[in-house]
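Reading through the structure tokens given below for one structure.
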Amino acid sequence: MAKGTIQIDREKCKGCHLCVAFCPRHCIVVSQGINDKGYFPAELKEPGEDGKGCTGCAVCALVCPDIAIEVYRE
Amino acid sequence: MKQVFTGPRSLKPAIFHYCPGCGHSIIHRLVAEVIDELDIQDRTIGVPPAGCAVLAYNYFDVDMGEAPHGRAVAVATGIKRVLPDRVVFTYQGDGDIAAIGTGGTVHAANRGEKLTVIFVNNGVYGMTGGQMAPTTLEGMVSTTTPGGRDLSRDGYPLDLTQMLAVAGGTVYLERVAVNSPKNIRRAKKAIRKAFQVQLDGLGFSLVEILSPCPTNWKMSPVDAWKWIDEHMTRVFPLGVIKDQTGYDDKPGDEK
Amino acid sequence: MRGSHVLGEAAVRAGCRYYFGYPITPQNEVPEYMSARLPEVGGVFVQAESELSSINMVIGAAMAGARVMTSSSSPGISLKQEGISYLAGQELPAVIANMIRGGPGLGNIAPAQSDYFQATRGGGHGDYRCIVLAPASCQELCDLTFLAFDLADKYRNPVMILGDGLMGQMMEPVEFPDFVDPQSLPKKDWILDGAKGRPSRIILSLLLDPKALEAHNYKLVRKYDAITRAEQRWEEHWCEDAEMLVVAYGTAARIVKGALKRVRAMGLKVGLFRPITLWPFPAAALKRQTRRIRHILVFEMSAGQLVEDVRLAVEGQAEVRLYGRPGGVIPTPAEVAHQISHYYYSAHLPRDEAAAGKGGA
Chain A
1 MAKGTIQIDR
11 EKCKGCHLCV
21 AFCPRHCIVV
31 SQGINDKGYF
41 PAELKEPGED
51 GKGCTGCAVC
61 ALVCPDIAIE
71 VYRE
Chain B
1 MKQVFTGPRS
11 LKPAIFHYCP
21 GCGHSIIHRL
31 VAEVIDELDI
41 QDRTIGVPPA
51 GCAVLAYNYF
61 DVDMGEAPHG
71 RAVAVATGIK
81 RVLPDRVVFT
91 YQGDGDIAAI
101 GTGGTVHAAN
111 RGEKLTVIFV
121 NNGVYGMTGG
131 QMAPTTLEGM
141 VSTTTPGGRD
151 LSRDGYPLDL
161 TQMLAVAGGT
171 VYLERVAVNS
181 PKNIRRAKKA
191 IRKAFQVQLD
201 GLGFSLVEIL
211 SPCPTNWKMS
221 PVDAWKWIDE
231 HMTRVFPLGV
241 IKDQTGYDDK
251 PGDEK
Chain C
1 MRGSHVLGEA
11 AVRAGCRYYF
21 GYPITPQNEV
31 PEYMSARLPE
41 VGGVFVQAES
51 ELSSINMVIG
61 AAMAGARVMT
71 SSSSPGISLK
81 QEGISYLAGQ
91 ELPAVIANMI
101 RGGPGLGNIA
111 PAQSDYFQAT
121 RGGGHGDYRC
131 IVLAPASCQE
141 LCDLTFLAFD
151 LADKYRNPVM
161 ILGDGLMGQM
171 MEPVEFPDFV
181 DPQSLPKKDW
191 ILDGAKGRPS
201 RIILSLLLDP
211 KALEAHNYKL
221 VRKYDAITRA
231 EQRWEEHWCE
241 DAEMLVVAYG
251 TAARIVKGAL
261 KRVRAMGLKV
271 GLFRPITLWP
281 FPAAALKRQT
291 RRIRHILVFE
301 MSAGQLVEDV
311 RLAVEGQAEV
321 RLYGRPGGVI
331 PTPAEVAHQI
341 SHYYYSAHLP
351 RDEAAAGKGG
361 A
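Chains as they are written, first to last, in our numbering: chain A, 1 to 74; chain B, 1 to 255; chain C, 1 to 361.
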């Protein structure tokens with residue numbers, strides 16, 4: 001399985017949580033702390049609930065309104 | 001690891017002022033990606049009129065000219081007639097294009113102005129705080145339809161894109177939505193095709209994009225995406241409404 | 001050549017290649033002329049679906065750096081007011097011709113001057129001014145059209161040519177200056193033509209930050225002050241020995257010139273002060289006249305609009321009376337002569353017996 005990862009810009013994220021809902025691996029969660037604007041940004045959780053990590057499929061970046069996610073893949 | 005996704009060149013680094021989960025943000029990215037892919041950043045001129053997206057000129061890194069509310073298509077006509085070899089697009093909301101701007105839009109389409117119109121339909125007047133728009137659905141609550149839109153008083157949701165189909169000058173009209181990964185890809189393809197229609201000088205092209213407005217719909221972004229599927233697409237079905245482009249792309253082949 | 005055609009031909013020769021219009025009497029001949037003429041010079045004519053749309057096409061063409069014109073008549077000009085306010089706010093050059101007709105409402109199609117306030121005070125929103133030029137002959141209409149395009153570009157501001165139904169229809173000989181090649185015009189470094197090899201540009205008038213809008217407004221104020229200092233134009237006719245002055249512009253001024261022949265023959269020493277720029281109003285020049293002349297009659301084909309600028313200009317140094325004929329009927333020189341003489345006698349002004357004896361020029 002191609003390994004991949006993402007970088008979420010905590011300050012750019014407005015906590016809309018669309019990525020959390022649409023990540024096929026469910027490895028993005030709502031972080032506990034708030035960012036400067038008071039949003040609860042999304043953050044990558046390794047490994048995902050079902051044990052498999054991020055594959056770099058970029059669905060999260062596709063749905064992210066604020067281009068807050070950079071995606072990398074093997 | 002190789003980076004496989006980053007923001008488009010044609011967008012300035014500025015952070016969007018749009019609300020969390022707003023469809024404008026996604027659509028801005030899609031339009032900018034298309035401008036990058038068609039390599040037309042240095043000859044594209046955008047015309048945003050009043051509305052949430054009037055501030056589009058803070059985001060698109062192309063020449064932008066602000067139009068009065070409802071007049072974007074007329075301003076764009078003036079620009080395109082002077083500079084026929086530039087790519088001119090308008091970026092309008094439903095109130096701007098289908099209420100105050102109806103006359104101008106119908107006639108620009110009928111003249112076959114070689115423009116590309118990005119029509120963002122989120123069912124309300126966003127910037128001014130969520131009033132009823134021409135595309136507000138029956139029974140939908142807005143700040144000017146507190147009891148829900150009443151057809152006998154407020155009339156029917158207006159499908160301008162269908163109306164434009166009968167205008168002789170329109171070449172390509174499609175309605176898409178930005179409420180799921182698949183639909184977002186579909187939307188980008190339609191936007192790209194609309195710009196291609198202009199590049200080939202075929203005539204008037206317009207893409208209507210159903211777009212979530214979580215703040216004024218008073219829903220979470222995720223619920224707003226569902227709401228588009230469950231309600232909006234009933235009244236505003238997605239799909240190609242007119243295609244005289246002659247392009248041999250099969251619908252659904254995601255590029 | 002007919003006035004409306006003069007306007008069209010002068011615009012083309014002044015380098016205008018784009019015209020957006022809509023039919024309305026009494027200026028239909030302008031779009032008609034442009035629809036044939038512009039293609040001959042590689043220009044573009046578009047008949048829009050409304051005056052409202054046509055002024056916004058003008059905005060677009062101006063953003064793209066072109067010399068552009070539109071024309072209409074009173075009701076149509078009312079529809080263009082929002083667009084004109086945007087032209088001023090976005091500092092865009094454009095020429096707008098208004099062949100005034102009787103108003104208000106649908107009024108009639110006879111000439112009138114009842115849009116003076118709308119033109120000089122601005123019928124749109126916000127603090128802005130249009131430079132307003134008032135021709136009184138076909139030749140002057142031609143010359144002022146050239147001037148209009150130069151001033152519009154020089155100050156990046158809308159310029160209005162204020163004619164009327166008669167000006168548009170009357171035929172007089174005209175000598176046209178030679179062609180201005182649009183390519184030879186100075187390059188504009190602020191236009192929207194695609195960010196090739198340069199940063200992208202924005203043309204806007206939305207300035208949400210209060211300080212930014214205030215600064216922008218003061219910039220416009222400085223511009224209007226500069227225009228007021230530099231661009232006032234007027235004509236003084238038979239004023240050297242005048243005991244009384246008539247102030248009138250455009251068609252009304254032509255009627256006054258006819259009236260002056262009559263009254264001068266009766267020995268009444270009356271002169272005409274004719275503003276050519278209605279804004280900036282030639283206030284200083286008019287005030288200078290009041291060093292000697294204490295009686296001013298304002299004649300205008302409206303119920304009394306120009307008279308306010310005259311009163312403002314003279315600052316009480318002279319008595320100002322109004323002979324206002326609102327839209328509908330074109331007054332005759334004889335009627336105006338009667339008003340002049342009535343005022344002259346009631347003010348006990350000295351007559352020139354010699355002139356009276358000889359029966360006048």
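Just so it is clear, CB atoms sit at the ideal spot from N, CA and C, and this is done for glycine as well. Note that the structure is predicted; figures quoted are calculated from it, not measured.
Quick one: using the 10 Å Cβ neighbour count with 16 as the cut-off for buried, is Asp127 (chain C) buried or exposed? What you label residue 127 (chain C) is simply residue 127 of the third sequence in a count that begins at 1. Exposed is the call here.
Nearest-angstrom beta carbon gap, Ile40 (chain B) and Asp63 (chain B) [assumed within contact, 8 angstroms]: Taking the second sequence and counting its residues from 1, the one referred to as residue 63 (chain B) is at position 63. Taking the second sequence and counting its residues from 1, the one referred to as residue 40 (chain B) is at position 40. With a Cβ gap of about 12 angstroms, Asp63 (chain B) and Ile40 (chain B) do not count as contacting.
Please report the straight-line C-alpha distance between Gln92 (chain B) and Gly328 (chain C), rounded to a whole angstrom. For the purposes of this step, residue 92 (chain B) is taken as residue 92 along the second sequence, with counting starting at 1. For the purposes of this step, residue 328 (chain C) is taken as residue 328 along the third sequence, with counting starting at 1. In a straight line, the C-alpha of Gln92 (chain B) is about 43 angstroms away from that of Gly328 (chain C).
Quick one: is Val336 (chain C) buried, meaning 16 or more other Cβ sit within 10 Å of its Cβ, or exposed? Numbered from 1 along the third sequence, position 336 holds the residue referred to as residue 336 (chain C). When all chains shown are included, Val336 (chain C) counts as buried.
Quickly, what does DSSP pair Ala97 (chain C) with across the bridge? List them, please. The count along the third sequence starts at 1 and reaches residue 97 (chain C) at position 97. Its beta-bridge partners are C:Ser71 and C:Ile161.
Ala252 (chain C) versus Tyr344 (chain C): straight-line alpha-carbon distance, rounded: Counting from one through the third sequence, the residue named residue 252 (chain C) turns up at place 252. Counting from one through the third sequence, the residue named residue 344 (chain C) turns up at place 344. So the alpha carbons of these two residues sit roughly 19 angstroms apart.
Can you look up Trp227 (chain B) in the DSSP assignment and give me helix, strand or coil? Stepping through the second sequence from its first residue, residue 227 (chain B) is reached at position 227. Helix at Trp227 (chain B).
At what residues does the alpha helix (DSSP H) containing Phe89 (chain B) begin and finish? For the purposes of this step, residue 89 (chain B) is taken as residue 89 along the second sequence, with counting starting at 1. Note, Phe89 (chain B): premise wrong, no alpha helix (DSSP H); beta strand (DSSP E) at Val87 to Gly93.
Just the Cα atoms here: how many angstroms apart are Leu202 (chain B) and Glu208 (chain B)? Along the second sequence, one-based indexing puts residue 202 (chain B) at 202. Along the second sequence, one-based indexing puts residue 208 (chain B) at 208. Near 19 angstroms, if we compare the C-alpha coordinates of Glu208 (chain B) and Leu202 (chain B).
At least one CB of chain C closer than 7 angstroms to the CB of Ala56 (chain B): is that the case? The residue given as residue 56 (chain B) occupies position 56 in the second sequence. No, Ala56 (chain B) does not count as interfacial toward chain C.
So is Val30 (chain C) buried or exposed if we call it buried at 16+ other beta carbons inside 10 Å? Residue mapping note: residue 30 (chain C) aligns to position 30 of the third sequence, counting from 1. So Val30 (chain C) ends up on the buried side.
For the ligand NAD, any of its heavy atoms closer than 6 angstroms to the Cβ of Thr90 (chain B)? This structure lacks the ligand NAD, and indeed carries no ligand of any kind.
For Ile67 (chain A), decide whether its Cβ has a neighbour in chain B, counting only Cβ atoms nearer than 7 angstroms. As a first step, residue 67 (chain A) must be located in the first sequence, where it is residue number 67. Closer than 7 angstroms: yes.
Taking buried to mean at least 16 other C-beta atoms within 10 Å of its own C-beta, is Thr332 (chain C) buried or exposed? Working through the third sequence from its first residue, we reach residue 332 (chain C) at position 332. Per the 10 Å Cβ criterion, exposed.
Compute the Euclidean distance between the alpha carbons of Met99 (chain C) and Met167 (chain C), then round it to the nearest angstrom. Within the third sequence, the letter at position 99 stands for residue 99 (chain C). Within the third sequence, the letter at position 167 stands for residue 167 (chain C). Between Met99 (chain C) and Met167 (chain C), the C-alpha separation is close to 7 angstroms.
Threshold first: 4 residues or longer. Then list the alpha helix (DSSP H) segments lying entirely within the segment 78 to 140 of chain C, N to C. 81 to 89
Could you tell me whether the Cβ atoms of Met69 (chain C) and Ala11 (chain C) are closer together than 7 angstroms? By one-based count along the third sequence, residue 69 (chain C) stands at place 69. By one-based count along the third sequence, residue 11 (chain C) stands at place 11. Yes, the Cβ-Cβ distance between Met69 (chain C) and Ala11 (chain C) is below 7 angstroms.
Residues in the same chain with beta-carbon distance under 8 angstroms from Glu37 (chain B), minus the five sequence neighbours each way, listed in chain order, please. The count along the second sequence starts at 1 and reaches residue 37 (chain B) at position 37. These residues qualify, in order along the chain: Arg192.
Please tell me whether Pro137 (chain B) and Ala177 (chain B) are closer than 7 angstroms, where the distance is taken between their beta carbons. Locating residue 137 (chain B) in the second sequence gives position 137, where the first residue counts as 1. Locating residue 177 (chain B) in the second sequence gives position 177, where the first residue counts as 1. In the sequence under discussion, the amino acid at residue 137 (chain B) is Leu, which differs from the Pro named in the question. Against a cut-off of 7 angstroms, the Cβ pair of Ala177 (chain B) and Leu137 (chain B) comes out as no contact.
Within a Cβ cutoff of 7 angstroms, which residues of the same chain sit near Val235 (chain B), ignoring the five residues on either side of it in sequence? If you number the second sequence from 1, residue 235 (chain B) lands on position 235. The residues are Leu137 and Pro157.
DSSP state of Lys52 (chain A), grouped into three classes? For the purposes of this step, residue 52 (chain A) is taken as the residue at position 52 of the first sequence. Looking at Lys52 (chain A) - three-state DSSP - the assignment turns out to be coil, as it is neither helix nor strand.
Select from the segment 80 to 105 of chain C all residues with a C-beta closer than 8 angstroms to any C-beta belonging to chain B, and list them in chain order. Glu82, Gly83, Tyr86 and Gln90
Element boundaries [alpha helix (DSSP H), containing Asp309 (chain C)]: If you number the third sequence from 1, residue 309 (chain C) lands on position 309. First-last of the alpha helix (DSSP H) with Asp309 (chain C): Leu306 to Val314.
Of the residues B:His17, B:Gly7 and B:Asp42, which one's Cα is nearest the Cα of Ser200 (chain C)? In the third sequence, the residue the question calls residue 200 (chain C) occupies position 200. Cα-wise, what sits closest to Ser200 (chain C) is B:Asp42.
For Gln113 (chain C), does the count of other Cβ atoms within 10 angstroms reach 16, so buried, or fall short, so exposed? Residue 113 (chain C) sits at position 113 when you count from the first residue of the third sequence. Answer is buried; the Cβ neighbour count reaches 16.
Below 7 angstroms between beta carbons is the criterion; list the residues of the segment 167 to 193 of chain B that meet it against any residue of chain A, in chain order. Pro181 and Ile184
Please classify Cys19 (chain A) as buried or exposed, where buried requires at least 16 neighbouring CB atoms within 10 angstroms. Here the question's residue 19 (chain A) lines up with position 19 in the first sequence. Counting Cβ neighbours within 10 Å, Cys19 (chain A) comes out buried, since at least 16 surround it.
Near Leu349 (chain C), what residues of its chain come up, given a Cβ to Cβ distance below 7 angstroms and the 5 sequence neighbours on each side ignored? Your numbering for residue 349 (chain C) matches position 349 in the third sequence. These residues qualify, in order along the chain: Glu243, Met244 and His295.
Within the continuous alpha helix (DSSP H) that includes Asp36 (chain B), where are the two ends? Stepping through the second sequence from its first residue, residue 36 (chain B) is reached at position 36. Start and end: Gly23 to Glu37.
With DSSP collapsed to three states, give me the class of Lys269 (chain C). Counted from its first residue, the third sequence places residue 269 (chain C) at position 269. Coil at Lys269 (chain C), not helix or strand.
Bridge partner(s) assigned by DSSP for Asp393 (chain C): It is not possible to answer for residue 393 (chain C), since the shown part of chain C is limited to 1 through 361.
Do we get a CB-CB distance below 7 angstroms when we pair Cys16 (chain A) with the residues of chain B? Here residue 16 (chain A) corresponds to residue number 16 of the first sequence, with the count starting at 1. So, interface residue.
Using 8 angstroms as the threshold, is the segment 8 to 19 of chain A in touch with the segment 27 to 38 of chain A, meaning 3 or more CB pairs across them? yes
Val174 (chain C) and Met1 (chain C) closer than 7 angstroms at C-beta: Mapped onto the third sequence, residue 174 (chain C) falls at position 174. Mapped onto the third sequence, residue 1 (chain C) falls at position 1. Yes, these two residues count as a Cβ contact at 7 angstroms.
May I ask you to list, following chain order, the residues of the segment 22 to 51 of chain B that have a beta carbon less than 8 angstroms from some beta carbon of chain C? Gln41, Asp42, Arg43, Thr44, Ile45, Val47 and Ala50
Beta strand (DSSP E) runs wholly inside the segment 102 to 176 of chain B, at least 3 long, in chain order: 116 to 121
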